[in-house]
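**Student:** Residue numbers (this note's numbering): 35 to 450.
The beta carbon of each residue, even a glycine, is placed where N, CA and C say it ideally should be.
None of the values given here were measured: they were computed from a predicted structure.
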Ligand SMILES: *Cc1c(COP(=O)(O)O)cnc(C)c1O
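1. Alpha helix (DSSP H) containing residue 231: first to last residue?
2. Hey, how far is the Cα of residue 242 from the Cα of residue 292?
3. Using 7 Å as the cut-off, classify the Cβ of residue 210 as near or not near the heavy atoms of ligand 1, replying yes or no.
4. Assign residue 210 to one of two classes, buried (16 or more other C-beta atoms within 10 Å of its C-beta) or exposed (fewer than that).
5. Does the beta-carbon of residue 304 have 16 or more other beta-carbons within 10 angstroms, so that it is buried, or is it exposed?
6. DSSP state of residue 434, grouped into three classes?
7. Nearest-angstrom Cα distance between residue 52 and residue 234?
8. Among 343, 312, 347, 319, which residue has its Cα nearest to the Cα of residue 328?
9. From the DSSP output, read off the bridge partner residues of residue 337.
10. In the DSSP assignment, the alpha helix (DSSP H) including residue 413 goes from what residue to what residue?
11. Return the first residue and the last residue of the beta strand (DSSP E) that residue 105 is part of.
12. Using the three-state DSSP reduction, which class does residue 165 fall into: helix, strand or coil?
13. Residues in the same chain with beta-carbon distance under 6 Å from residue 371, minus the five sequence neighbours each way, listed in chain order, please.
14. Quick one: Cα of residue 297 to Cα of residue 99, how far?
15. Could you check whether the Cβ of residue 182 sits closer than 7 Å to any heavy atom belonging to ligand 1?
16. Report the option in 150, 448, 441 whose CA atom is closest to the CA atom of residue 54.
17. Would residue 66 be called buried (16 or more neighbouring beta carbons within 10 Å of its own) or exposed?
18. By DSSP, does residue 245 sit in helix, in strand, or in coil?
19. Residue range of the alpha helix (DSSP H) that residue 270 falls in?
20. Ends of the alpha helix (DSSP H) at residue 255?
21. Along the chain, which unbroken stretches of the beta strand (DSSP E) at least 3 residues long are found entirely within the region 109-180?
22. DSSP three-state call for residue 50: helix, strand or coil?
23. Thinking C-alpha only, which one of 168, 108, 213, 194 is nearest residue 83?
24. Starting from residue 208, follow the beta strand (DSSP E) in both directions and report where the run begins and ends.
25. Ignore the nearest five residues each way along the sequence and tell me which others in residue 168's own chain have a CB closer than 8 Å to its CB.
26. Using DSSP bridges, identify the partner residues of residue 343.
27. Is the beta carbon of residue 451 sitting closer than 8 Å to the one on residue 238?
28. Can you tell me which of the three DSSP states residue 443 falls into?
29. Which term fits residue 288, buried or exposed, when burial requires 16 or more other beta carbons within 10 angstroms of its beta carbon?
30. Taking 8 Å as the threshold (beta carbon to beta carbon), is residue 185 in contact with chain D?
31. So, is residue 391 buried or exposed, given that buried needs 16 or more other C-beta atoms within 10 angstroms?
32. For residue 299, which residues in the same chain have their Cβ closer than 6 Å to its Cβ, ignoring the five residues on either side in sequence?
33. Thinking residue 187 and residue 333 are a contact (beta carbons under 8 Å), I'd like their distance in whole angstroms, please.
34. Once the 5 residues before and after residue 126 are set aside, which same chain residues still bring their CB inside 8 Å of it?
35. Can you tell me the Cα-Cα spacing of residue 38 and residue 355, whole angstroms?
36. For residue 128, is the classification buried or exposed, using 16 other Cβ atoms within 10 angstroms of its Cβ as the cut-off for buried?
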């Protein structure tokens with residue numbers, strides 16, 4: 035029986051038995067802990083962060099977890115990033131180097147500051163910024179590096195910080211997908227000048243929408259600048275509120291309702307991240323060495339909280355395409371998506387047309403940055419060959435094992 039030499043099992047997509055036939059683990063993200071906090075928030079008779087205690091408590095709890103002196107709450111992760119950019123002094127015509135594989139929330143603040151995003155290439159398997167590519171994209175206009183710690187896995191922050199210091203650049207960390215992530219013993223979000231988090235409903239913890247900015251200088255003036263930038267430039271410190279309008283700042287305030295839910299959610303954060311870490315690590319080990327499949331590499335000296343798990347298919351070692359692999363995996367009962375975002379950010383319409391504001395090419399015309407195909411070849415290849423799995427903290431170890439079995443089964447069936 036030549037079949038048994040390869041021991042190929044018939045794929046579900048070809049009529050064979052399905053790998054996963056039982057439902058995946060689920061659970062409730064919100065419980066009576068959140069209800070209690072919400073009731074208390076309402077009983078304060080104010081939902082305004084400055085007059086109530088919930089946002090303040092949420093931030094002080096966050097500060098103790100992260101070991102920082104100051105942080106500021108925001109209405110979203112996108113807002114948090116905009117606030118950090120504003121406080122960092124990123125302004126008209128500046129360039130900000132960032133990742134081409136990210137949520138648009140990374141880019142919004144750059145463009146609203148009338149600064150120009152510049153994209154550096156990524157490591158092919160950690161999917162994070164390559165320090166040498168970042169350095170190669172620095173021009174006299176570069177003001178900041180906006181690193182994205184993708185999917186719970188940190189960037190190489192030693193190399194990034196060395197480049198930033200050498201060229202006198204600000205560093206902002208987009209930690210929307212990377213709670214409790216560590217690089218070289220330090221928490222992501224505490225290494226650069228500012229760390230930005232999102233509590234939208236899809237992240238490790240949720241307040242419906244919301245965000246946080248850490249102020250890592252520990253400097254009170256810096257904190258006040260960040261605070262004011264989130265609150266229309268109102269200076270709410272100590273006694274009387276200063277309503278002086280010294281420069282433009284949006285209203286990105288968090289309400290007491292979000293703060294209340296956030297207090298209860300933060301208590302669950304360690305457990306959620308530990309589960310996701312264990313699940314992600316198990317998949318990584320389980321598919322290591324499978325021909326035609328490259329596991330999600332984790333950056334050296336780091337700890338990932340795996341917001342998602344992105345493997346890559348090597349079509350040169352398989353008789354199927356990435357899309358066929360994805361469909362076969364889905365037929366095995368393992369939900370997945372072929373690719374993470376449709377194209378690199380720079381291939382999107384906004385960058386191709388260099389039009390952020392309808393009817394204007396400002397601020398793109400202030401920079402020489404270009405956005406053509408081939409700009410970041412690794413990033414393009416990642417998106418062309420990636421398969422995204424989304425194991426969450428409620429998945430059981432059997433769920434994870436069946437994901438591994440299904441990936442191995444599909445890879446083996448299509449092996450060249
Ligand atoms: C979710 C996310 C954001 C934006 O967060 P919002 O709260 O939705 O505004 C920014 N960057 C990355 C990488 C994200 O995943």
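**Tutor:** Looking at the coordinates:
1. Careful: residue 231 lies outside any alpha helix (DSSP H), inside the beta strand (DSSP E) at 228-232.
2. Looking at the two C-alpha atoms, the distance is approximately 7 Å.
3. Yes; taking the cut-off as 7 Å, the Cβ of residue 210 has a heavy atom of ligand 1 nearer than that.
4. With 16 or more other Cβ atoms within 10 Å, it is buried.
5. Exposed, by the Cβ-count rule.
6. Under the three-state reduction of DSSP, residue 434 is assigned to helix.
7. In a straight line, the C-alpha of residue 52 is about 34 Å away from that of residue 234.
8. The candidate whose alpha carbon is nearest that of residue 328 is 347.
9. The partner list for residue 337 (beta bridge, DSSP) reads 216.
10. Counting along the chain, the alpha helix (DSSP H) containing residue 413 begins and ends at 411-419.
11. Membership of residue 105 in the beta strand (DSSP E) is indicated by the continuous run 104-108.
12. Helix, per DSSP.
13. Taken in chain order, the residues that qualify are 422.
14. Spanning the two alpha carbons is a distance of roughly 12 Å.
15. Yes, the Cβ of residue 182 comes within 7 Å of a heavy atom of ligand 1.
16. If we check each option's Cα against that of residue 54, 441 comes out closest.
17. Exposed.
18. DSSP, read as helix, strand or coil, puts residue 245 in strand.
19. From DSSP, residue 270 is part of no alpha helix (DSSP H); its letter is neither H nor E.
20. It spans 254-263 - the alpha helix (DSSP H) in which residue 255 sits, taken as one unbroken run.
21. Counting only runs of 3 or more, we get 129-132, 150-153.
22. Residue 50 carries a coil assignment under DSSP once its states are collapsed to helix, strand and coil.
23. Of 168, 108, 213, 194, the residue nearest in Cα terms is 108.
24. Membership of residue 208 in the beta strand (DSSP E) is indicated by the continuous run 204-208.
25. Non-local beta-carbon contacts of residue 168 in its own chain, meaning distances under 8 Å to residues more than five positions away in sequence, involve 131, 154, 179, 194, 197 in chain order.
26. Answer is 423.
27. With the chain running from 35 to 450 in the structure shown, residue 451 is simply not present.
28. Here residue 443 sits in helix by DSSP.
29. That one is buried.
30. Any reference to chain D falls outside this structure, which holds one protein chain only.
31. Residue 391 is exposed by the Cβ-count criterion.
32. 239, listed in sequence order.
33. With a Cβ gap of about 6 Å, residue 187 and residue 333 count as contacting.
34. Hits under 8 Å: 147, 148, 149, 397, 400.
35. Any reading at residue 38 is ruled out, since the residue's pLDDT is 41, under 50, leaving its predicted position unreliable.
36. Answer is buried; the Cβ neighbour count reaches 16.
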